[in-house]
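Undergrad: Handing you a structure now.
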Ligand SMILES: NC(=O)c1ccc[n+]([C@@H]2O[C@H](COP(=O)([O-])OP(=O)(O)OC[C@H]3O[C@@H](n4cnc5c(N)ncnc54)[C@H](O)[C@@H]3O)[C@@H](O)[C@H]2O)c1
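Residue numbers (the numbering used here): 203 to 542.
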């Protein structure tokens, strides 16, 4: 097997980028991280993640914004990566209603800068994060990559959908092998403070009430972060190739007919009721949550559920951590991290 040695990862101070860098370093890759340490949530958590990675001599990082294409080009040209994995983004569904401009700058301009650098450096494979939010108002579940996803409900989803379209054009024009992942509600240790699990555990331990949207009638395909980064690791080796004829595109494959470009769901292939998820947290903490039942939030969707069969066909891998096990691992980490 030809193992690519050098991987440039954006968003390494972030939740998923941190876990991915850790996995790839453990597997012997040399990793260069890139992160702007934005203050969307507690920067100390980001610094702690980077400090952890910097314990490896195979890791170095550039602290700069994606919009700063000169700093980015410098870092990429100097490192000469075989692979680029672009995870840095302004994330979050709800914040995109308050501050849409941050999404245009980070996700549209920033992703364009990464694509340009990838093209100039002729990387073997460009892999980038999209989101299940691009399925928007789709109701047919589980969501498959080949179905239309033309009804984004937030500017966050719209910027990620734009990234998919931008990446397809670059893959086509420059024969740049590109994989876009659609992630589904990722959770686990070192997780994001703006996401439900962190907020719930933090509030329950402090005796504060938790906001339960849509009166609890919500379903999510929760994906444990170790499963997710294992899937990304395996997809590195599954670079798409431009098909010579339509017969090269397998049943259910999202491979473009005109470009080395593919979209892959990374989800748990299951949906969990929000109330069951909360119950798992309560059981693990041994505390009942004070629940504040609320209406659905603007831009939110009642359910997500991934068809992850394409991932399995491409890599032989299927995410497998149960949500109870994942919640237990998160709480173990959180108690230690927050000293609660
Ligand atoms: N966590 C999830 O459930 C989830 C679900 C779907 C998609 N995603 C996508 O996965 C990727 C990683 O998400 P995450 O959960 O690790 O988020 P995160 O916010 O923890 O990490 C993103 C990192 O990118 C950095 N960043 C943001 N804007 C930047 C900019 N303009 N320039 C430089 N750095 C910048 C931040 O400082 C942060 O460290 C994102 O693209 C996100 O949209 C995440």
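Yeah, the Cβ is synthetic: ideal placement off N, Cα and C, and Gly gets one too.
Closest to residue 398 by CA distance: which of 418, 266, 228 is it?
TA: Counted from its first residue, the chain shown places residue 398 at position 196. Cα-wise, what sits closest to residue 398 is 418.
Undergrad: Using 10 angstroms around the beta-carbon of residue 256, count the other beta-carbons present and answer buried if the total reaches 16, otherwise exposed.
TA: As a working mapping, residue 256 is identified with position 54 in the chain shown. Result: exposed.
Undergrad: Residue 513 by DSSP, collapsed to three states: which one?
TA: In the chain shown, residue 513 corresponds to position 311, counting from 1. Of the three classes helix, strand and coil, the one that applies to residue 513 here is helix, per DSSP.
Undergrad: What do you reckon, are the CB atoms on residue 488 and residue 424 nearer than 8 angstroms?
TA: Locating residue 488 in the chain shown gives position 286, where the first residue counts as 1. Locating residue 424 in the chain shown gives position 222, where the first residue counts as 1. No. Outside cutoff.
Undergrad: Since residue 223 and residue 238 should fall inside the 8 angstroms C-beta cutoff, what is the C-beta to C-beta distance between them, to a whole number of angstroms?
TA: As a first step, residue 223 is located in the chain shown; it is residue number 21 there, counting from the start. As a first step, residue 238 is located in the chain shown; it is residue number 36 there, counting from the start. With 8 angstroms as the limit, residue 223 and residue 238 do not qualify as a contact, their Cβ atoms being about 16 angstroms apart.
Undergrad: Compare the C-alpha of residue 289 against each of 301, 300, 267, 272 and name the closest.
TA: As a working note, residue 289 is residue 87 in the chain shown. Taking only the C-alpha atoms, the option nearest residue 289 is 267.
Undergrad: Taking 7 angstroms as the cut-off, is the beta-carbon of residue 544 closer than that to any non-hydrogen atom of ligand 1?
TA: Because residue 544 is not part of the residues shown, which for the chain are 203 to 542, the question remains open.
Undergrad: CB of residue 329 to nearest heavy atom of ligand 1: below 7 angstroms?
TA: Position 127 of the chain shown, counted from the start, is the residue given in the question as residue 329. Not so, every heavy atom of ligand 1 lies at least 7 angstroms from the Cβ.
Undergrad: Using a Cβ-Cβ cut-off of 7 angstroms (strictly less than) and excluding sequence neighbours within five positions of residue 500, which residues of its own chain qualify?
TA: What you label residue 500 is simply residue 298 of the chain shown in a count that begins at 1. Cβ within range, chain order: 299.
Undergrad: Excluding the 5 residues preceding and the 5 following residue 531 in the sequence, name in chain order all residues of the same chain whose CB lies nearer than 7 angstroms to its CB.
TA: In the chain shown, the residue the question calls residue 531 occupies position 329. Result list for residue 531: 390, 391, in chain order.
Undergrad: In whole angstroms, what separates the C-alpha of residue 373 from that of residue 415?
TA: Looking up residue 373 in the chain shown gives position 171. Looking up residue 415 in the chain shown gives position 213. Approximately 39 angstroms, taken between the alpha carbons.
Undergrad: Would residue 519 and residue 461 be called neighbours here (beta carbons separated by less than 8 angstroms)?
TA: Your numbering for residue 519 matches position 317 in the chain shown. Your numbering for residue 461 matches position 259 in the chain shown. Taking 8 angstroms as the Cβ cut-off, residue 519 and residue 461 do not qualify as a contacting pair.
Undergrad: Considering only their Cβ atoms, is the gap separating residue 421 from residue 507 smaller than 8 angstroms?
TA: Your numbering for residue 507 matches position 305 in the chain shown. Your numbering for residue 421 matches position 219 in the chain shown. Yes, Cβ-Cβ distance for residue 507 and residue 421 is below 8 angstroms.
Undergrad: Do you know how far the Cα of residue 493 is from the Cα of residue 478?
TA: What you label residue 478 is simply residue 276 of the chain shown in a count that begins at 1. What you label residue 493 is simply residue 291 of the chain shown in a count that begins at 1. Those two C-alpha atoms are separated by around 13 angstroms.
Undergrad: The alpha helix (DSSP H) that contains residue 208, what's its start and end?
TA: Numbered from its first residue, the chain shown carries residue 208 at position 6. Here residue 208 belongs to no alpha helix (DSSP H); instead the beta strand (DSSP E) covers 208 to 212.
Undergrad: According to DSSP, simplified to helix, strand and coil, what is residue 317?
TA: Looking up residue 317 in the chain shown gives position 115. DSSP places residue 317 in helix when its eight states are reduced to three.
Undergrad: Considering only their Cβ atoms, is the gap separating residue 473 from residue 510 smaller than 8 angstroms?
TA: Within the chain shown, the letter at position 308 stands for residue 510. Within the chain shown, the letter at position 271 stands for residue 473. No, these two residues do not count as a Cβ contact at 8 angstroms.
Undergrad: Which runs of the beta strand (DSSP E) fall wholly inside the segment 379 to 458 and span at least 3 residues, in chain order?
TA: Counting whole runs of 3 or more residues, the segment 379 to 458 contains the beta strand (DSSP E) stretches 380 to 385, 412 to 414.
Undergrad: Sorted by chain position, which residues of the same chain lie with C-beta nearer than 7 angstroms to residue 522's C-beta, five sequence neighbours on each side aside?
TA: Here residue 522 refers to the residue found at position 320 when the chain shown is read from its first residue. Taken in chain order, the residues that qualify are 429.
Undergrad: How big is the Cα-Cα spacing for residue 466 and residue 512?
TA: Locating residue 466 in the chain shown gives position 264, where the first residue counts as 1. Locating residue 512 in the chain shown gives position 310, where the first residue counts as 1. Looking at the two C-alpha atoms, the distance is approximately 7 angstroms.
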